[in-house]
Amino acid sequence: MVGLVDGQISPFWPPTGIALVGLLLFGPRVWPGVLLGALIQEGTHDPAAAALPTAAGTTLACLTAYWALRKVGFRTELDRLRDALALVFLAAFGGMLISSTIGTVVRIAVGLSEPSYFLPTWLTWWTGDAMGILIVAPLLLTLARIPWRQRIRTGTLLEILVLLAATFVVVLTGARMFGILFLAFPLLVWAAWRFQLPGAAPVALLASADAIYAAVHAIGPFAGRSLFDTMVILQMFDGAVALTGLLLSVAIIERDRARQEIERTCERLGEVLDHFDRSADSLRAAPQTSEQRAVLRESHRPKKVEGPPYSSPGGPSPPVNGWLR
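Structural data, given as structure tokens:
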């Protein structure tokens, strides 16, 4: 991924999403792998004095995001709106404050960045790590729970492939020829409506990749833009795509689950009513002695209500019959 600030800091950083998913699926025991991966990546272009604390900051940020999600009962199925909001605000926007702050301070301290660039560097780092979680984590969590041993219907697979191809062509063509990116949203809504996260997550990733390509090559809406303008437009687009796909998919999942619960409740209620009807028919059809008939007549006889008549808070109630069924 090409960085837009100092040639190294990316506005979209997928490794944070990969690291968080690894922690969510396998537990905190895999943190040494997160640290090692971050250290190798940072060590390829930074001196050891910067690579080690930066890698430690990335690991700490991912662990903090993991613990925050576990604290609120996050479920990796992402089938509740509260889980989606927790991923957005606790993991992406909250946890990545740690990695961006530590990384920016370290770069300035060792002389890799100028103090005057603190704010744009920090902002790009923070949003890049956050976008990595918002775009990559839902996709990987979805892939992890797909029953791959079961055969996927050919029609469904073909529709998903057509959707991905259309996203790639439409977004890139719209950016190159018309200077617009919003053509991705109808396809994203279609994917979320038809397939929920299994469709919306790859479409969001592909649309973001197209936008990054356009930004790096300064085409479409990024032509003639300054570095800061390019970064802002790109990250706003990535954030809008990621949030739209994630929240819309989860909202549709919750709606479908509520409808299924209502249908099951209605079915159970119908079964109970059928059971009562059959029981009543059996009682009516069964032969009865004179004592049983007397008991049934007594159970249906109106009963006298004892005590003073009811008075409403505003005054005495009108006369009522003292007999109630």
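Position 189 of the sequence shown, counting from 1, maps to 1058 under this note's numbering, and the rest follow consecutively. Cβ coordinates follow ideal geometry from the N, Cα and C atoms, glycine included.
Report yes or no: do the region 955 to 975 and the region 991 to 1001 share at least 3 C-beta pairs separated by less than 8 Å? With a cut-off of 8 Å, the region 991 to 1001 and the region 955 to 975 count as touching, because enough Cβ pairs lie within range.
Is the Cβ-Cβ distance between isoleucine 1015 and glutamine 1065 less than 7 Å? Residue mapping note: residue 1015 aligns to position 146 of the sequence shown, counting from 1. Residue mapping note: residue 1065 aligns to position 196 of the sequence shown, counting from 1. No.
Below 8 Å on the Cβ atoms is my guess for valine 1119 versus alanine 953; work out the distance and round it to an integer in Å. In the sequence shown, counting from the first residue as 1, residue 1119 sits at position 250. In the sequence shown, counting from the first residue as 1, residue 953 sits at position 84. The beta carbons of valine 1119 and alanine 953 sit about 4 Å from each other, so the pair counts as a contact at 8 Å.
Beta-carbon separation of alanine 1084 and valine 1040 under 7 Å? In the sequence shown, counting from the first residue as 1, residue 1084 sits at position 215. In the sequence shown, counting from the first residue as 1, residue 1040 sits at position 171. Cβ distance not < 7 Å, so alanine 1084 and valine 1040 don't count as in contact.
Sequence-distant residues of the same chain with beta carbon closer than 7 Å to alanine 1061, five excluded per side: Residue mapping note: residue 1061 aligns to position 192 of the sequence shown, counting from 1. By the criterion of a C-beta distance shorter than 7 Å, alanine 1061 is surrounded in its chain by Gly1068, Ala1069, Gly1114, Leu1117, Ser1118 and Ile1121, once the five residues flanking it on both sides are discounted.
Rounded to the nearest angstrom, how far is the Cβ of glycine 1253 from that of valine 903, given a contact under 8 Å? The structure shown has nothing for residue 1253, since the chain only spans 870 to 1194.
Cβ of alanine 960 within 7 Å of Cβ of alanine 978? Along the sequence shown, one-based indexing puts residue 960 at 91. Along the sequence shown, one-based indexing puts residue 978 at 109. With respect to the 7 Å criterion, alanine 960 and alanine 978 are not classified as neighbours on the basis of their beta carbons.
DSSP three-state label for leucine 1010, please. Residue 1010 sits at position 141 when you count from the first residue of the sequence shown. Here leucine 1010 sits in helix by DSSP.
Using 7 Å as the threshold, is the C-beta distance between threonine 1036 and leucine 1056 below it? As a working note, residue 1036 is residue 167 in the sequence shown. As a working note, residue 1056 is residue 187 in the sequence shown. Yes, the Cβ-Cβ distance between threonine 1036 and leucine 1056 is below 7 Å.
In whole angstroms, what separates the C-alpha of proline 1090 from that of leucine 1050? Your numbering for residue 1090 matches position 221 in the sequence shown. Your numbering for residue 1050 matches position 181 in the sequence shown. Proline 1090 and leucine 1050 have their C-alpha atoms some 8 Å from each other.
Start-end ranges of the beta strand (DSSP E) lying completely within the region 1033 to 1109, minimum 3 residues: Qualifying beta strand (DSSP E) stretches: none in this window.
For leucine 966, which residues of its own chain have a beta-carbon under 7 Å away from its beta-carbon, when the five flanking residues on both sides are left out? Within the sequence shown, numbered from 1, the residue matching residue 966 stands at position 97. Cβ within range, chain order: Trp995.
Compare the C-alpha of proline 1007 against each of Gln1129, His1144 and Ala888 and name the closest. The residue given as residue 1007 occupies position 138 in the sequence shown. Minimum Cα distance to proline 1007 is reached at Ala888.
Taking alanine 924 as the reference, which of Pro897, Ser968 and Arg939 has the closest Cα? Here residue 924 refers to the residue found at position 55 when the sequence shown is read from its first residue. With respect to the C-alpha of alanine 924, the residue from Pro897, Ser968 and Arg939 having the closest C-alpha is Ser968.
Three-state class that DSSP yields for serine 1148 in the structure shown: Here residue 1148 is taken as the residue at index 279 of the sequence shown, counted from 1. DSSP places serine 1148 in helix when its eight states are reduced to three.
Confirm, please, whether the CB-CB distance from glutamine 1104 to proline 880 is below 7 Å. By one-based count along the sequence shown, residue 880 stands at place 11. By one-based count along the sequence shown, residue 1104 stands at place 235. Yes, the pair counts as a contact, with Cβ atoms nearer than the cut-off.
Could you check the C-alpha separation between phenylalanine 1047 and isoleucine 1081 for me, to the nearest Å? Looking up residue 1047 in the sequence shown gives position 178. Looking up residue 1081 in the sequence shown gives position 212. Taking the CA atoms as reference points, phenylalanine 1047 sits about 16 Å from isoleucine 1081.
Our contact map puts isoleucine 1004 next to leucine 1074 with C-beta atoms below 8 Å; I'd like the distance itself, whole angstroms only. Reading the sequence shown from its first residue, position 135 is the one you call residue 1004. Reading the sequence shown from its first residue, position 205 is the one you call residue 1074. Indeed, because the Cβ distance is near 5 Å, the residues count as touching under 8 Å.
N-terminal and C-terminal residue of the alpha helix (DSSP H) that serine 969 is part of: Within the sequence shown, numbered from 1, the residue matching residue 969 stands at position 100. Residue range 965 to 978 is occupied by the alpha helix (DSSP H) that includes serine 969.
Would you say glycine 1001 and glycine 886 are within 7 Å of each other, going by their C-beta atoms? Indexing the sequence shown from 1 puts residue 1001 at position 132. Indexing the sequence shown from 1 puts residue 886 at position 17. Yes.
N- and C-terminal bounds of the alpha helix (DSSP H) containing phenylalanine 895: Translated into positions along the sequence shown, residue 895 becomes position 26. Boundaries of the alpha helix (DSSP H) harbouring phenylalanine 895: 883 to 895, taken from the DSSP string.
Does isoleucine 1102 pass the burial test, meaning 16 or more other C-beta atoms within 10 Å, or should it be called exposed? Taking the sequence shown and counting its residues from 1, the one referred to as residue 1102 is at position 233. Isoleucine 1102 counts as buried, since no fewer than 16 other beta carbons sit within 10 angstroms of its beta carbon.
Burial state of arginine 976, where buried means 16 or more other Cβ atoms lie within 10 Å: Along the sequence shown, one-based indexing puts residue 976 at 107. Buried, by the Cβ-count rule.
By the DSSP assignment, the alpha helix (DSSP H) with glycine 906 in it spans what residues? In the sequence shown, residue 906 corresponds to position 37, counting from 1. Membership of glycine 906 in the alpha helix (DSSP H) is indicated by the continuous run 900 to 912.
Tyrosine 986: which of Ala1109, Ala1127, Leu1096 and Arg1022 sits nearest, CA to CA? Within the sequence shown, numbered from 1, the residue matching residue 986 stands at position 117. Taking tyrosine 986 as reference, the option from Ala1109, Ala1127, Leu1096 and Arg1022 with the minimal CA-CA separation is Leu1096.
Nearest to alanine 1092 by CA position, among Leu1052, Ala1044 and Glu1132, is which residue? Here residue 1092 refers to the residue found at position 223 of the sequence shown. Nearest option by C-alpha distance: Ala1044.
Taking the alpha-carbon of methionine 1232 as reference, which of Leu1033, Pro989 and Ala1013 has the nearest alpha-carbon? Examination of residue 1232 is not possible in this model, given that the chain is present from 870 through 1194 alone.
In whole angstroms, give me the CA-to-CA distance for serine 982 and arginine 951. Here residue 982 refers to the residue found at position 113 of the sequence shown. Here residue 951 refers to the residue found at position 82 of the sequence shown. Rounded to whole angstroms, serine 982 to arginine 951 spans 38 Å at the Cα level.
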